[in-house]
Amino acid sequence: MLLAMTDFLATTRAAYDTVAADYARDIPERYHSSPLAHAMIPVFAELVTAGGGGPVADVGCGPGHVTAHLSTLGVTAFGVDVSPEMIALARAAHPDLRFEVGTMNALTAADATLAGVVANYSIIHTPPEALPATFAEFHRVLAPGGHLLLGFRAYDDATRLGELFDHSVTPAHRYSPDRIAALLGEVGLTEVARLTIAPGEDAKRGFPQAYLIARRPIEVPDDHVSAR
Ligand SMILES: C[S@@+](CC[C@H](N)C(=O)[O-])C[C@H]1O[C@@H](n2cnc3c(N)ncnc32)[C@H](O)[C@@H]1O
Numbered sequence: 170m171l172l173a174m175t176d177f178l179a180t181t182r183a184a185y186d187t188v189a190a191d192y193a194r195d196i197p198e199r200y201h202s203s204p205l206a207h208a209m210i211p212v213f214a215e216l217v218t219a220g221g222g223g224p225v226a227d228v229g230c231g232p233g234h235v236t237a238h239l240s241t242l243g244v245t246a247f248g249v250d251v252s253p254e255m256i257a258l259a260r261a262a263h264p265d266l267r268f269e270v271g272t273m274n275a276l277t278a279a280d281a282t283l284a285g286v287v288a289n290y291s292i293i294h295t296p297p298e299a300l301p302a303t304f305a306e307f308h309r310v311l312a313p314g315g316h317l318l319l320g321f322r323a324y325d326d327a328t329r330l331g332e333l334f335d336h337s338v339t340p341a342h343r344y345s346p347d348r349i350a351a352l353l354g355e356v357g358l359t360e361v362a363r364l365t366i367a368p369g370e371d372a373k374r375g376f377p378q379a380y381l382i383a384r385r386p387i388e389v390p391d392d393h394v395s396a397r
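If you're matching positions, the sequence shown starts at 170 in the working numbering and goes up one per residue.
Below you can see the structure in the form of structure tokens.
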């Protein structure tokens, strides 16, 4: 499902264009130096490779460090970000990789063509009402058997989807992993695994963090008869 350039996208783009250079200086180093920050990326890369490989979109890629990490792990990764400044920095840092300006809410990939989608701390700027359509878009582009990895600040009360928090760049939400897994299920993506990082590891806000892997199931025809 396609969304027009809505207010939250325009706000996010302007905010990240402003901070892009500072972000690119600090965050890739933090990502690489923290074992928990990149723990799920090799697991995700192995799942993609074991499934036969194929293109993987790193959506909301920022300066491209996760895209580049995936590439070093043998994954054919490309980056997409709503911020043209972020994309310019990603291209400068990783000239051998493909980066496009675009939104995760309306990807240019054709139906069922991607082996994976990664959204590392980028759905946090998508408001709750736009999540179902965004997840439906991930399902649309994933090939059967393809994997999704979401990383996000977590909300620990599953009676609510989440809450706004005081993000330093632009309005952001932290979300309940259980509720996110349920929304993924509603669009046909099945949870495979999750990693939850304890609140005490977040010195600034004391929020838990979640990394959730889901899969688009391989459809088995109704008339399939097991060989066993
Ligand atoms: C917190 S940064 C995360 C960057 C990178 N993924 C990382 O792990 O450091 C969020 C990034 O997502 C991008 N972004 C947020 N919402 C987006 C959307 N709907 N479509 C595309 N990019 C988006 C922002 O421009 C920003 O570069």
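Glycine is no exception: its CB is placed at the ideal position from the N, C-alpha and C atoms.
For ligand 1, no non-hydrogen atom lies closer than 6 Å to the CB of Thr241. Look at Ser291: its beta carbon is less than 6 Å from one of the heavy atoms in ligand 1. For Lys373, the closest alpha carbon among the candidates Leu205, His336, Leu239, Ala288 is that of His336. Distances from the alpha-carbon of Leu358 to those of Leu381, Phe376, Gly248, Ala367 put Leu381 closest.
Burial is judged here by how many other beta carbons sit within 10 angstroms of a residue's own beta carbon; His201 has fewer than 16 and is exposed.
Contact between Val228 and Ala284 does not hold, since the beta-carbon distance rounds to 14 Å and is not under 8 Å. By the Cβ-count criterion, Glu370 is exposed, with fewer than 16 other Cβ atoms from all chains shown falling within 10 Å of its own Cβ. Thr359 is bridged by DSSP to Arg384. When the Cα atoms are used, His294 and Gly314 turn out to be separated by approximately 27 Å.
Runs of the alpha helix (DSSP H) lying entirely within the segment 237-263 and spanning at least 4 residues, in chain order: 253-262. Nearest to Val356 by C-alpha distance, out of Val310, Ile210, Leu205, is Val310.
Where Leu283 is concerned, the enclosing beta strand (DSSP E) starts and stops at 283-289. Cβ-Cβ distances below 6 Å link Arg384 to His316, Thr359, Val361 in the same chain, with the five nearest sequence neighbours on each side left out; the list follows chain order. Put simply, the segment 180-195 touches the segment 322-341. At least three CB pairs are less than 8 Å apart.
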